[in-house]
Amino acid sequence: MNFKTVGVVGVGNIGSGVLASLVLHGIRAVAVDVSEKSLETARAGILQTVRLAPVLRKDAPKLTRNEVLERIAFTTRLEEVSTCEFIIENVTEDWAVKKPIYERLDRIASAGVCFGANTSCISITRIGSATSRPDKVIGIHFMNPVHMMPTVEVIRGQHTSAETLATLNRLLAQLKKEAIVVNDLPGFVSNRISHLFMNEAAFVFQDGLATAAQIDAIFKKCFGHKMGPLETADLIGLDTVVSSLDVLYDSFKDSKFRCCPLLRKMVEAGHCGRKSGRGFHVY
Ligand SMILES: NC(=O)c1ccc[n+]([C@@H]2O[C@H](COP(=O)([O-])OP(=O)(O)OC[C@H]3O[C@@H](n4cnc5c(N)ncnc54)[C@H](O)[C@@H]3O)[C@@H](O)[C@H]2O)c1
């Protein structure tokens, strides 16, 4: 059976991408955020993403503005996800923010509904422990830009059941995405590795070895990567990168995850990457 309505909690950088992807695949959504400004920014961003989608992908539908807006209910009230068949959480990468959301979702959503945690680094087992349904909590680590990336990293927490994985696979099939399923430790596979090279690239820049353009060019032109580490950090959002490094450092107590001071300073200065118009590069 196809999913008809999915709840999306947190509509910032990645949550708005998840919403655009749902809409492009004919799935309705209830979009929740505490911030009216985030809801407004998400609405404008989704309209733009959906409008440009057919230019970038031949198989993307041409949807009118009204068709898009008709498919998404934007709200600040978490209770409105109560009728959703699946809930994807994308709030700020901070356990103090995520934990109360899961405690509330557990009370709001029907007993059979699964929660997909779109976190960069926080353990899915830990997230499951904030609910009375840890078997129905699973990690879905979407990649940015969501509607363009065909693969997601899916994380099985300690108690995630085979049924929950099957449920998520049904949703991903509707979104025409493939899953790479891995086990659970903070940062999973992708971010435990990628945040080391983004952080080290920031140290290299801080130490004055090369310009940001040169650092990225070495990865693209010498290693054949599509994007360099500093461009990738800008795309994710430097605030999210710093929070993720802090989660990794606190979890493993390993100094290799200590956050580059320049990264933290840039976030404090409001230079958070693409979403703020400036990070290692200017947008
Ligand atoms: N940016 C990426 O490329 C990326 C990729 C995969 C996963 N993630 C993960 O997704 C999550 C969100 O990241 P982001 O980059 O979109 O961050 P963001 O800062 O752009 O967005 C976070 C959103 O959560 C909202 N929020 C905060 N508290 C809330 C609450 N109590 N209820 C509802 N909404 C709340 C904020 O208002 C904001 O709109 C993080 O856990 C991050 O690690 C990010």
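First residue of the sequence shown? That's 0 in numbering that gives the first Met the number 0, and the numbers climb one at a time after it.
Note that CB positions come from ideal geometry on N, CA and C, so glycine has one too.
The structure displayed is predicted, hence computed values, not measured ones.
- Counting only residues of its own chain and dropping the five nearest sequence neighbours on each side, ARG155 has a CB closer than 8 Å to the CB of ILE123, ILE137, GLY138, LEU164, VAL180, VAL181, ASN182, ASP183.
- A direct Cα-Cα distance of roughly 18 Å separates ALA108 from ASN117.
- Between GLN173 and ASN1, the C-beta spacing is below 8 Å.
- Shown here, THR75 sits in coil according to DSSP, grouped into three states, outside any helix or strand.
- Note that the C-beta distance between THR130 and ASP93 is not below 8 Å.
- Shown here for LEU23: same chain residues with a beta carbon closer than 7 Å to its own, the five before and five after excluded, namely VAL49, ALA52, ALA59, PRO60, HIS146 in chain order.
- Between VAL80 and ILE86 a beta carbon distance of about 6 Å is seen, short of the 8 Å cut, so the two are scored as contacting.
- ALA209 sits in coil when the DSSP states are folded into three classes, being neither helix nor strand.
- Near ligand 1, residues with a Cβ at less than 5 Å from any of the ligand's heavy atoms are GLY9, GLY11, ASN12, ILE13, ASP32, VAL33, SER34, SER37, ASN89, VAL90, THR91, GLU92, VAL96, ASN117, THR118, SER119, ASN143, ILE235, GLY236, THR239; the list follows chain order.
- Less than 8 Å divides the Cβ of THR150 from the Cβ of LYS176.
- With respect to the C-alpha of ALA200, the residue from SER242, PHE218, CYS271 having the closest C-alpha is PHE218.
- For GLY115, the uninterrupted beta strand (DSSP E) run begins and ends at 113-116, by DSSP.
- Annotation for PHE251: the continuous alpha helix (DSSP H) segment containing it runs 237-251.
- DSSP places PHE85 within a strand segment (E or B) once states are collapsed to three.
- Using a C-beta cut-off of 8 Å, the stretch 235-245 makes contact with the stretch 254-274, since at least three inter-stretch Cβ pairs fall below that distance.
- Residue burial annotation: ARG257 is exposed, with fewer than 16 other C-beta atoms found within 10 angstroms of its C-beta.
- In the three-state scheme derived from DSSP, where H, G and I count as helix and E and B as strand, THR4 is classed as strand.
- Contact between the stretch 216-230 and the stretch 248-255 is absent, with fewer than three C-beta pairs closer than 8 Å.
- Minimum Cα-Cα distance from ALA212 among the listed residues LYS225, LEU247, GLN47, GLU230 corresponds to GLU230.
- The continuous alpha helix (DSSP H) containing ARG50 extends over residues 35-55.
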